[in-house]
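Participant: Using the working numbering, read the sequence shown as starting at 522 and increasing by one per residue. Ideal placement from N, C-alpha and C gives every residue a C-beta, glycine not left out.
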Amino acid sequence: MKKLAILGGKPIFKNYLPIAFPSLPPFKEVEDKFKEVFLSGMITNAKYVRSLEEKIANYLNVKYVVCVANCTSGLILSLKALKLKGKVIVPSFTFFATAHTLSWNNLTPTFVDCHRETFNINVSFLEEKIDQETSAIMPVHIFGNPVLVEEINKIAQKYSLKVIYDAAHAFGSRYNNSPLAGYGEVEVFSLSPTKPLVAGEGGVVVTNNKEIAEAITMGRDYGNPGDYHCKMVGLNARMTEVNAITALKNLELFPERLAKRKEIANFYISNLKDIPGISFQKIEVNASSCYKDFAIIIDEERFGLNRDELALVLERENISSRKYFFPPVHKQEIYKSKDIPLEGLENTNFISDHILCLPLFAQMKEEEMLSIGEVIKEAHQNTSLIKEVFKER
Numbered sequence: 522m523k524k525l526a527i528l529g530g531k532p533i534f535k536n537y538l539p540i541a542f543p544s545l546p547p548f549k550e551v552e553d554k555f556k557e558v559f560l561s562g563m564i565t566n567a568k569y570v571r572s573l574e575e576k577i578a579n580y581l582n583v584k585y586v587v588c589v590a591n592c593t594s595g596l597i598l599s600l601k602a603l604k605l606k607g608k609v610i611v612p613s614f615t616f617f618a619t620a621h622t623l624s625w626n627n628l629t630p631t632f633v634d635c636h637r638e639t640f641n642i643n644v645s646f647l648e649e650k651i652d653q654e655t656s657a658i659m660p661v662h663i664f665g666n667p668v669l670v671e672e673i674n675k676i677a678q679k680y681s682l683k684v685i686y687d688a689a690h691a692f693g694s695r696y697n698n699s700p701l702a703g704y705g706e707v708e709v710f711s712l713s714p715t716k717p718l719v720a721g722e723g724g725v726v727v728t729n730n731k732e733i734a735e736a737i738t739m740g741r742d743y744g745n746p747g748d749y750h751c752k753m754v755g756l757n758a759r760m761t762e763v764n765a766i767t768a769l770k771n772l773e774l775f776p777e778r779l780a781k782r783k784e785i786a787n788f789y790i791s792n793l794k795d796i797p798g799i800s801f802q803k804i805e806v807n808a809s810s811c812y813k814d815f816a817i818i819i820d821e822e823r824f825g826l827n828r829d830e831l832a833l834v835l836e837r838e839n840i841s842s843r844k845y846f847f848p849p850v851h852k853q854e855i856y857k858s859k860d861i862p863l864e865g866l867e868n869t870n871f872i873s874d875h876i877l878c879l880p881l882f883a884q885m886k887e888e889e890m891l892s893i894g895e896v897i898k899e900a901h902q903n904t905s906l907i908k909e910v911f912k913e914r
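(1) Assuming V644 contacts E672 (C-beta within less than 8 Å), just tell me the rounded distance between them.
(2) Give the straight-line distance between the Cα atoms of I554 and I766, rounded to the nearest whole angstrom.
(3) List in chain order: all unbroken beta strand (DSSP E) runs of 3+ residues lying wholly within the stretch 773-815.
(4) Whether or not the stretch 534-554 and the stretch 761-778 are in contact is what I'm after, with contact meaning three or more pairs of Cβ atoms, one per stretch, closer than 8 Å; do they touch?
(5) What does the Cβ neighbour count give for S810, buried or exposed, with the cut at 16 atoms within 10 Å?
(6) Figure out for me which residue from G894, E854, N839 has the closest Cα to the Cα of I527.
(7) Output the distance between the C-alpha atoms of Y856 and N626, rounded to the nearest integer angstrom.
(8) Could you give the residue range of the beta strand (DSSP E) that holds V586?
(9) Excluding sequence positions up to five away, which residues of its chain have a Cβ less than 8 Å from the Cβ of V896?
(10) Tell me, to the nearest whole angstrom, how far the beta carbon of H690 is from that of I796; I am working on the premise that it is less than 8 Å.
(11) Quick one: what does DSSP say T715 is sitting in, helix, strand or coil?
(12) Going by the DSSP bridge assignment, what does E867 pair with across the sheet?
(13) Considering just the uninterrupted stretch of the beta strand (DSSP E) at V726, what are its terminal residues?
(14) Using 8 Å as the threshold, is the stretch 840-850 in touch with the stretch 798-805, meaning 3 or more CB pairs across them?
(15) Rounded to a whole number of angstroms, what is the C-alpha to C-alpha distance between L600 and N787?
(16) My parser needs the alpha helix (DSSP H) runs of 4 or more residues fully inside the stretch 574-660; what are they?
(17) Measure the CB-CB distance between I907 and F640 and report whether it falls below 9 Å.
(18) May I ask you to report which of helix, strand or coil DSSP gives V551?
(19) Buried or exposed for D860, going by 16 or more other Cβ atoms inside 10 Å?
(20) Apply the 10 Å Cβ neighbour rule to A702 and answer buried if 16 or more other Cβ atoms are within range, or exposed otherwise.
(21) Within the same chain, show all residues whose beta-carbon is closer than 6 Å to that of R695, passing over the 5 residues directly before and after it, in chain order.
(22) Taking S594 as the reference, give the member of N698, H621, K556 with the closest Cα.
(23) What are the boundary residues of the alpha helix (DSSP H) that includes Y686?
(24) Could you tell me which of K716, D742, E722, V709 sits nearest to T728, measuring between CA atoms?
(25) Skipping 5 residues on each side, what residues in its chain have a beta carbon closer than 7 Å to that of V570?
(26) Taking 8 Å as the cut-off, does the stretch 652-668 touch the stretch 810-826 (at least 3 CB pairs, one atom from each stretch)?
(27) Under 7 Å Cβ to Cβ from D742, same chain only, skipping five residues before and after it: list those, please.
(28) Leaving out five residues before and five after V551 in sequence, what residues of the same chain have Cβ atoms less than 8 Å from its Cβ?
This is the structure:
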């Protein structure tokens, strides 16, 4: 390629390449149903929501699915339905909304470290975090990478703990060739714009427990069972019909789009694997990730630049990247100020300081992926010159 933009060249992309882009259905294929909904006046929580619940139950092979406004509200309602108290073990290397859902339920997060290679909750550290106040474990399938569900469930059973899986990233991921559903009391998936399956905004709670499903169904409608005599403190967490129609059509298109995400991830790995100082998230042999995000870890000593410097090189080329998750939850102001033990999170701190997510969306073109790889390779080959530029700033 020509000279890097940070060294005085022209950006490799004329227009900014985003980190993500929503996979939406062709408008003509949903237009008639949108009009039908607008004309009917039934714009929320009606027949298309019910249809989506049925189809996702079939796709995930679970008994009950409850559509909600978003994954966060689904997790809040799931925790409420389980009537938990005390502490819940949760990773700090996650999106902060995971921990927020505990705070909304007056539960205290117990942060556990992640695995250095998979980025998921480190099962080896779980038991030492359990005490008499612990009521549940909330693992997260980071970037769609399945956690060790069988090992987590064994520990939960040993200590009589509930398991709520934050599966926000994981629609389309598989473990032992099965969907990531039915392992915990509940799994909650996100259908927001950056996710593999997009509703626009939305989430789905899945469970094989009828009582939990009924409680969440009631909870998404303020806690109103239908007679306006509320039985729980709920939310307005209803999914709109427009979101359901969007998700239904996207579900039809999902196999092709999921395959594309995996193709992009494999392309990145193949193209970047020989660059010193670049490593990737480990996916276990019995697992399959939907690759909600594609992350690299940058070893400054071997690559020549640190994560922040590489991010700036990419930015100058009009390539978006994301330091995801940085800072980790335990370093967020709201949790630093709480009386929560924060020791033993070395892997979390390391990954958060060295991780960078690259653009990944189903509409990406091969030449875009190639260009990103070229920039990263060129950055590695010109680290001394780039470092001089940073010194002059």
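Facilitator: Reading from the atomic positions:
(1) Sequence index remark: in the sequence shown, residue 644 carries index 123 (1-based). Sequence index remark: in the sequence shown, residue 672 carries index 151 (1-based). Indeed, because the Cβ distance is near 5 Å, the residues count as touching under 8 Å.
(2) Your numbering for residue 554 matches position 33 in the sequence shown. Your numbering for residue 766 matches position 245 in the sequence shown. A small fix is needed here, since residue 554 is Lys in this sequence, not Ile. Roughly 7 Å separates the two Cα atoms.
(3) Secondary structure remark: continuous beta strand (DSSP E) runs of at least 3 residues inside the stretch 773-815, in chain order: 799-801.
(4) Touching, yes.
(5) Working through the sequence shown from its first residue, we reach residue 810 at position 289. With 16 or more other Cβ atoms within 10 Å, it is buried.
(6) Reading the sequence shown from its first residue, position 6 is the one you call residue 527. Minimum Cα distance to I527 is reached at N839.
(7) The count along the sequence shown starts at 1 and reaches residue 856 at position 335. The count along the sequence shown starts at 1 and reaches residue 626 at position 105. Going by the C-alpha atoms only, they are around 15 Å apart.
(8) In the sequence shown, the residue the question calls residue 586 occupies position 65. Residues 585-589.
(9) Indexing the sequence shown from 1 puts residue 896 at position 375. Excluding positions up to five away in sequence, the list reads M522, L525, I533, V834, L835, E838, I840.
(10) Walking along the sequence shown from the start, residue 690 turns up at place 169. Walking along the sequence shown from the start, residue 796 turns up at place 275. With a Cβ gap of about 26 Å, H690 and I796 do not count as contacting.
(11) By 1-based counting over the sequence shown, the position of residue 715 is 194. DSSP places T715 in coil when its eight states are reduced to three.
(12) Along the sequence shown, one-based indexing puts residue 867 at 346. In the DSSP output, where bridge partners are listed per residue, E867 has none listed.
(13) Reading the sequence shown from its first residue, position 205 is the one you call residue 726. 724-728 is the extent of the beta strand (DSSP E) around V726.
(14) no
(15) In the sequence shown, counting from the first residue as 1, residue 600 sits at position 79. In the sequence shown, counting from the first residue as 1, residue 787 sits at position 266. Roughly 36 Å between the two C-alpha positions.
(16) 592-603, 618-625, 647-650
(17) Here residue 907 refers to the residue found at position 386 of the sequence shown. Here residue 640 refers to the residue found at position 119 of the sequence shown. Taking 9 Å as the Cβ cut-off, I907 and F640 do not qualify as a contacting pair.
(18) Counting from one through the sequence shown, the residue named residue 551 turns up at place 30. Per DSSP, reduced to three states, the secondary structure at V551 is coil, with no helix or strand assignment.
(19) In the sequence shown, counting from the first residue as 1, residue 860 sits at position 339. Under this definition D860 is an exposed residue.
(20) Your numbering for residue 702 matches position 181 in the sequence shown. Per the 10 Å Cβ criterion, buried.
(21) Here residue 695 corresponds to residue number 174 of the sequence shown, with the count starting at 1. Around R695: S809.
(22) As a first step, residue 594 must be located in the sequence shown, where it is residue number 73. When each option's Cα is compared against that of S594, the closest is H621.
(23) Looking up residue 686 in the sequence shown gives position 165. No alpha helix (DSSP H) contains Y686, which is instead part of the beta strand (DSSP E) from 683-687.
(24) Residue mapping note: residue 728 aligns to position 207 of the sequence shown, counting from 1. That would be V709, whose Cα lies nearest to the Cα of T728.
(25) Position 49 of the sequence shown, counting from 1, holds the residue named residue 570. Excluding sequence neighbours, V570 sits near C588, M760, E762, A765.
(26) yes
(27) Stepping through the sequence shown from its first residue, residue 742 is reached at position 221. G755, R759.
(28) As a working mapping, residue 551 is identified with position 30 in the sequence shown. Taken in chain order, the residues that qualify are I766, T767, K770.
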